[in-house]
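Okay, so here's the structure we're looking at.
There are 2 protein chains.
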Amino acid sequence: MKQSTLLQLLVVSVLASLASSTTPSCKANVKGSSNTFWQDDYNFDDTAQGLMDAMKASSIDDYLKYLTSHPHMAGTSADFEQAEYLRSLWTSQGLDQVSIKPYEVRMSFPHPKRSSKVTIIDENGQVKFTSALLETPIEGTFYDETVAPAYIAFSANGSVESDELVFANYGSYEDLRYLEEELKINLAGRLLLIRYGSFFRGDKVLNAQRFGAAGVILYSDPADYSDPEGEKYPNSYYLPGEGVQRGTIVWKDGDSSTPMYPALPGAHRISEDKMDMKEMPTIPVQPIGFNDALKIMVQLSGPEAPPAWRGKLNTTYRIGPKLRVPGWKIRLEVHNEKKIVPTYTVVGFIRGEVEPDRYVIYGNHRDAWVFGSVDPSSATATMLELVKSYSQLMQKGWRPRRSILFCSWGGSEQGFIGVTEWVEEYLHLLSSRAVAYLNVDIAVMNAYNFAAAATPVLHELMKEGAKHVGAPNEPSMSLYEMWSTRRRFTKELITVSLSSVSDHAPFYQRAGVPCTYMSWTADPEKSDGVDYPLYHSTYETYDAMKNFIDPDFSHHLALGQLWAYMGIALADKPLLPFVVEEETNALKTAVDTLEAKYGAALAKRSISLAYVRNSISSFDAAAKGFQERLQKLDQSNELMLRVVNDQMMQLEKSFIYSEGLLHRSHMKNVIYGTSIFDQYSGSLLPGVEETLQHLTVFVDEESTSLDQWDDVRHQLSVVMAVIESATKTLQDVNIL
Amino acid sequence: MKQSTLLQLLVVSVLASLASSTTPSCKANVKGSSNTFWQDDYNFDDTAQGLMDAMKASSIDDYLKYLTSHPHMAGTSADFEQAEYLRSLWTSQGLDQVSIKPYEVRMSFPHPKRSSKVTIIDENGQVKFTSALLETPIEGTFYDETVAPAYIAFSANGSVESDELVFANYGSYEDLRYLEEELKINLAGRLLLIRYGSFFRGDKVLNAQRFGAAGVILYSDPADYSDPEGEKYPNSYYLPGEGVQRGTIVWKDGDSSTPMYPALPGAHRISEDKMDMKEMPTIPVQPIGFNDALKIMVQLSGPEAPPAWRGKLNTTYRIGPKLRVPGWKIRLEVHNEKKIVPTYTVVGFIRGEVEPDRYVIYGNHRDAWVFGSVDPSSATATMLELVKSYSQLMQKGWRPRRSILFCSWGGSEQGFIGVTEWVEEYLHLLSSRAVAYLNVDIAVMNAYNFAAAATPVLHELMKEGAKHVGAPNEPSMSLYEMWSTRRRFTKELITVSLSSVSDHAPFYQRAGVPCTYMSWTADPEKSDGVDYPLYHSTYETYDAMKNFIDPDFSHHLALGQLWAYMGIALADKPLLPFVVEEETNALKTAVDTLEAKYGAALAKRSISLAYVRNSISSFDAAAKGFQERLQKLDQSNELMLRVVNDQMMQLEKSFIYSEGLLHRSHMKNVIYGTSIFDQYSGSLLPGVEETLQHLTVFVDEESTSLDQWDDVRHQLSVVMAVIESATKTLQDVNIL
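Chain order of the listed sequences is H and E. Numbered according to the numbering used here, the first sequence spans residues 26 to 761. Numbered according to the numbering used here, the second sequence spans residues 26 to 761.
Below you can see the structure in the form of structure tokens.
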């Protein structure tokens with residue numbers, strides 16, 4: 026046991042003894058008061074410190090052990106069992122309300138009888154090779170007969186047999202264009218071999234569809250997920266050759282049978298054949314490990330792949346398209362089935378004492394592809410410890426000023442389905458009442474760099490919180506200090522690019538709710554630089570976490586304490602700890618980035634960014650004016666406090682535009698969004714950027730008409746309108 | 026001078042003398058307080074009574090005289106002059122802020138050189154008849170050389186010459202189908218003669234386009250606008266044969282050059298050729314008076330029109346299509362021009378003392394087709410008197426609890442353009458801060474029946490207010506008593522069908538803001554039953570109002586006092602005077618109406634309304650629970666008061682759905698909307714109803730596939746989702 030953990034335990038026991046001496050009148054006192062919160066006996070710093078100190082690394086360890094004891098894929102009985110576990114745990118811990126919301130949603134599963142696979146067939150029709158259905162069990166490590174075969178959720182079904190295969194590197198749009206334009210290999214109707222990594226797998230498949238490919242084989246290259254010469258799992262956290270990355274490839278979040286409305290009982294289900302084909306994958310896709318990938322790669326003929334495309338399979342990387350042996354063929358077959366089944370969202374609620382209709386929302390998904398010791402159970406275990414600590418505070422008579430929610434989402438791995446349905450069901454309440462959404466998907470994927478993303482108003486709180494948290498295994502250092510030196514993003518400590526990488530996506534994209542997201546990651550500067558080798562494989566077990574990633578759970582704890590600090594600050598501080606001037610910086614960066622990337626193309630069509638820049642200047646003035654008025658605010662006037670808090674709470678919500686983006690109308694936030702080439706990457710002014718990309722990437726820019734560029738002007742006008750709206754939200758409340 | 030007016034004057038002078046003795050500390054007192062409003066010296070009933078009593082009929086008369094002294098069409102210099110007048114008046118009266126917002130919007134005007142007209146040409150090409158450009162000036166009545174020619178805003182330009190013309194009655198969908206199916210007259214490519222009345226003229230033209238007609242001549246039949254045997258203007262308020270009704274025919278409100286975003290400086294303008302042709306008229310349309318209509322009607326041959334189609338022109342009504350004299354032709358030519366010009370919205374603001382960020386909004390449009398003594402200046406004059414009375418209250422030290430806005434819209438006659446742009450600009454603030462919008466378009470069109478429409482939460486307030494107002498010329502009777510006997514709508518006193526008849530449309534359709542709308546109208550049971558004979562003609566002058574419609578302005582005053590009562594109740598009562606249970610009744614009526622109209626068609630496709638009915642039951646329970654909690658509310662707790670007020674204020678806003686209706690995506694309120702056959706008629710569950718109409722009216726219902734009926738299921742699911750959302754808004758604030 027380390028010193029810091031021991032100290033924490035001591036503090037907890039001291040606090041626990043204090044708790045018993047707290048008189049019941051303390052709570053009653055607070056209830057009657059609405060003018061000065063907690064009267065004289067409340068001290069925020071002490072309360073927050075108590076909340077953080079009561080969290081224990083060893084307890085997170087215990088929770089993780091439970092959570093990873095079985096595979097818990099969405100839609101399975103294990104999914105429901107864990108939901109029930111959370112409900113009963115949180116109920117016993119004294120939360121005010123706990124409920125399970127079962128959403129019946131369309132999900133994609135391996136066919137129970139027909140196997141999806143890649144085979145190589147010789148000139149006589151004999152099968153020479155068949156890819157593994159799933160990972161080989163490894164002696165002495167976690168295993169379970171309920172592990173599902175490796176598959177790609179929402180892959181189209183089908184069988185493609187061909188004497189050709191093209192290696193397409195990561196499958197980026199540039200990679201595929203290089204194949205077509207430089208190597209003159211037409212991809213239409215062909216099978217592609219694409220390596221995992223660098224960006225969202227769904228966008229690899231979307232690119233393949235854009236070029237008319239017939240099917241995709243996805244594999245994990247040792248260069249991206251392993252250490253070819255070194256030890257592999259179970260002797261290190263590197264992916265062994267048998268490991269296969271599962272995953273979804275849908276690029277529109279939520280239940281596809283109830284698009285843009287919640288999957289409530291009785292809701293109409295849009296049949297698949299009525300859906301826009303742009304919205305769902307239309308070609309078969311199957312994942313394999315690198316042992317199997319090698320067996321396929323060696324069959325390729327054609328030119329050698331360019332140096333940057335070569336991974337670390339022990340062979341020469343060739344492009345294809347012909348197989349090496351005449352007459353041999355490669356066959357990809359996928360047999361998935363889509364079913365409408367329940368997935369369970371658990372919500373725990375602590376009612377706010379002073380402003381019960383203001384919601385501070387914690388969230389994390391619960392479903393995993395297999396054991397999920399990293400994704401998402403490292404964060405689920407941390408959230409459970411967090412809730413426990415909150416419940417201990419409640420036992421001592423504390424009640425938050427604002428309500429706090431703890432959400433455990435189901436169906437996220439298939440495309441953030443549970444959370445999207447919940448956001449759709451509660452959209453109006455979130456728009457009018459949500460203060461912030463604090464999301465963690467993976468607490469610790471690798472214990473080196475602390476990576477954080479947040480919408481601008483929460484940046485300062487995140488930094489402030491990190492100053493109150495101790496760095497893992499560095500007793501003399503704060504998390505903030507460690508983070509500042511081991512930062513993930515070179516330019517800024519926190520990125521505004523939240524993207525669609527996790528469950529926060531529907532919160533900020535549909536409702537404009539301010540969000541944070543964080544995780545411990547690898548050091549990208551280091552030679553191996555592999556963040557998360559066992560990602561979505563069967564080998565992502567408790568052992569891997571305990572033996573190699575965060576053995577003492579100190580990184581879990583530090584992240585959990587920051588998570589705790591942010592939540593209690595948002596829930597308890599009478600004046601919301603938002604900094605609105607951070608928004609100005611983000612808006613300026615957004616338009617500067619746009620200008621840097623597309624300035625020449627815009628200038629050529631006489632499209633000016635001046636009006637948008639003017640709007641940002643007005644916003645800047647409004648933000649400064651707001652800060653000045655805050656200085657003079659009489660915080661004992663509860664209604665005036667509510668007025669300014671509402672202004673801050675509504676600020677980022679003014680970026681929501683009902684019509685959405687021009688090419689992705691379901692995305693309603695026109696300031697912060699997601700790249701059209703990578704759901705895991707952010708895009709600033711996404712409606713403007715995607716329109717520009719449609720005019721410069723998908724077509725020859727020179728062939729576009731001036732008229733087509735009007736779409737860009739249109740999107741800029743919408744951006745201007747929402748910035749003006751944000752300005753009005755912050756200005757003194759006169760409406761002229 | 027009548028006794029009641031004298032009394033009012035006395036009260037005003039007494040109050041004015043009290044004002045001077047009010048100590049400045051009164052205001053300061055209030056400013057510091059946020060727990061008990063107005064401390065001990067405030068009495069709502071007295072304050073509201075003072076506000077109402079200070080209003081004077083004679084002063085409304087004076088304001089109307091000024092407002093109607095010149096034509097004040099949108100986009101003209103007179104429009105701007107009146108805007109400036111209001112700004113300077115309101116500024117001098119001491120409102121906290123007054124501003125003019127000029128929106129540059131696309132409007133449609135007569136071509137300055139080329140005349141739009143209908144001509145009859147004989148077999149030699151000689152013109153036998155040309156319709157009048159505008160009304161003949163009448164000796165001794167208001168006239169002005171700036172009167173614009175009679176025209177139809179947003180008519181397409183063009184010239185159609187034909188030896189055929191079809192009389193199509195009111196031009197309803199049923200009328201046109203009767204012509205095609207019963208009389209076997211194909212309307213495609215033909216000119217139609219259609220009479221004004223019964224529903225929105227734009228829908229007459231839309232129907233004509235649906236059947237492929239080449240052009241439309243609109244005329245005012247004496248049966249609908251005059252008294253064929255009796256006196257006409259200037260000797261009565263009946264339309265003379267020269268009078269022509271101007272008007273717009275657009276069926277999508279707001280600036281067509283900036284659809285769904287505000288026309289801010291620098292905003293991109295969508296060119297007309299990029300617009301969806303379903304959104305703008307594509308055929309020429311010209312209006313004429315009944316003198317000219319008679320000259321055209323006598324030229325028609327063919328069968329006699331069915332009895333119900335016959336008006337009171339002094340000739341036999343024939344259907345056509347052939348003209349009576351072989352070789353003669355009729356020519357319709359329209360020369361409009363669309364220009365982007367400014368129209369001015371004036372906003373006056375009184376800052377709320379306790380909750381400045383809550384907005385009670387008064388509104389009325391200012392632009393008229395000509396002199397506009399009825400539409401809209403009767404209401405503008407009343408609003409000016411209202412503002413004057415509020416300002417007198419302010420001089421006595423009163424400040425409202427919540428902020429009050431007075432809005433004078435420009436460009437409404439062309440399609441609610443100014444108000445729509447304003448709502449688009451302030452959409453986010455309205456969604457989060459607007460309490461209600463109190464609209465009057467025409468105060469007095471005819472001084473008999475009081476007609477009122479409102480969204481449900483405001484019904485009770487409207488009735489309550491009417492009990493505090495004296496009936497015009499009936500000193501012993503309240504307005505409520507008169508209204509109850511002389512009710513416009515037979516079933517209910519107040520209809521929820523607000524439709525798109527006036528400027529409230531964007532408020533409830535885009536932002537879900539609770540709205541009221543009211544007017545004095547004719548008695549539809551009476552033999553003449555003509556509401557508003559001089560509608561949109563040059564003869565709608567001050568003389569007409571003063572001599573025939575409301576000579577003593579007592580009806581103006583009564584309406585104005587009710588308007589005053591509702592506004593100050595919404596602004597000053599600590600607990601918002603909303604009744605949420607009224608919403609249940611409206612929802613039940615909505616689904617009952619749907620079932621009555623379409624129950625058989627739905628049952629045939631096994632489409633159940635049970636889930637929607639269940640949602641309404643849940644809503645009912647939530648509304649009742651809310652009312653019960655209100656009983657126990659400690660109103661001295663300002664924050665808890667704010668919580669329940671916010672719940673009420675957000676209730677109807679939860680009916681807003683970002684994707685809008687299936688066939689009219691710009692309409693976002695899925696509970697209250699507008700008929701697809703008449704913008705002036707309301708529709709409950711408009712997305713469901715329009716979808717059903719598309720399946721049963723535009724096509725042969727028997728030929729539809731079951732698959733097509735999924736659209737109905739989809740729309741019902743959206744309805745269910747917003748009702749569930751309304752339920753959550755009212756439930757105790759736990760979010761589970």
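No residue lacks a Cβ here, since even glycine has one placed at the ideal position from N, Cα and C. All values derive from a computational prediction rather than experimental measurement.
Distance check between residue 276 of chain E and each of E/756, E/692 and E/753 places E/692 closest, using alpha-carbon atoms only. Taking a beta-carbon distance threshold of 8 Å, residue 746 of chain H counts as an interface residue toward chain E.
Residue contact check for residue 374 of chain H against chain E: a CB pair falls below 8 Å. Taking all protein chains in view, the Cβ of residue 255 of chain E is surrounded by fewer than 16 other Cβ atoms within 10 Å, so the residue is classified as exposed.
As the crow flies, the alpha-carbon of residue 633 of chain E is around 7 Å from that of residue 627 of chain E.
Closest in C-alpha terms to residue 621 of chain E, from the list E/709, E/607 and E/567, comes E/709. Residue pairing by DSSP places residue 364 of chain E opposite E/132 in a beta bridge. Cβ-Cβ separation between residue 141 of chain H and residue 359 of chain H: approximately 5 Å, consistent with a contact (criterion under 8 Å). Residue 292 of chain E belongs to the set of residues whose beta carbon lies under 8 Å from a beta carbon in chain H. Counting along the chain, no alpha helix (DSSP H) covers residue 464 of chain E; the unbroken beta strand (DSSP E) around it starts and ends at 459-464. Residue 135 of chain H is classed as buried because its beta carbon has at least 16 other beta carbons within 10 Å across all chains shown. Around the Cβ of residue 114 of chain E, a 10 Å sphere holds 16 or more other Cβ atoms; the residue is buried.
Residue 328 of chain E and residue 349 of chain E have their C-alpha atoms spaced approximately 12 Å apart. Straight-line measurement puts the Cα of residue 601 of chain H at about 11 Å from the Cα of residue 385 of chain H.
Collapsing the DSSP output to three states places residue 603 of chain E in coil. In summary, residue 185 of chain H is buried, with 16 or more beta-carbon neighbours lying within 10 Å of its beta-carbon over all protein chains present. According to DSSP, residue pairing for residue 434 of chain H in a beta bridge involves H/390. Your pair residue 724 of chain E and residue 586 of chain E does not check out as a contact, with CB atoms roughly 51 Å apart and the cut at 8 Å. For the segment 273-297 of chain E, the set of positions with a beta-carbon nearer than 8 Å to some beta-carbon of chain H reads 283, 285, 286, 287, 289, 290, 291, 292, 293, 295 and 296 in chain order. Residue-level contact by beta carbon fails for residue 544 of chain H and chain E, as no gap is shorter than 8 Å. The C-beta of residue 382 of chain H has 16 or more other C-beta atoms within 10 Å across all chains shown, which makes the residue buried. Less than 8 Å separates the beta-carbon of residue 337 of chain E from that of residue 246 of chain E. Taking 8 Å as the CB threshold, residue 664 of chain E lines the interface with chain H.
Here residue 131 of chain E is buried: its Cβ has 16 or more other Cβ atoms, across all protein chains shown, within 10 Å. 8 Å or more divides the Cβ of residue 607 of chain E from the Cβ of residue 739 of chain E. Within chain H, the residues whose beta carbon sits less than 8 Å from that of residue 675 of chain E are 453 and 457, listed in sequence order.
Taking the Cα of residue 592 of chain H as reference, the smallest distance to any Cα among H/285, H/228 and H/465 is reached at H/465. It is roughly 17 Å from the alpha-carbon of residue 333 of chain H to the alpha-carbon of residue 555 of chain H. If you draw a straight line from the Cα of residue 77 of chain H to the Cα of residue 667 of chain E, it comes to about 32 Å. Per DSSP, the unbroken beta strand (DSSP E) holding residue 474 of chain H starts and ends at 474-479. Contact of residue 190 of chain H with chain E is not assigned, every C-beta pair being separated by 8 Å or more. At a cut-off of 8 Å between beta-carbon atoms, residue 738 of chain E makes contact with chain H.
If you draw a 10 Å sphere on the C-beta of residue 670 of chain E, you find 16 or more other C-beta atoms in it, and that means buried. Listed in chain order, the non-local C-beta contacts of residue 524 of chain E below 6 Å within the same chain comprise 699, 705, 706 and 707, local neighbours out to five positions each way being set aside. Sequence-distant Cβ neighbours of residue 682 of chain H in its own chain, meaning closer than 7 Å and more than five residues away, are 693, 695, 743 and 747. Rounded to the nearest angstrom, the gap between the Cα atoms of residue 751 of chain H and residue 456 of chain E is 13 Å.
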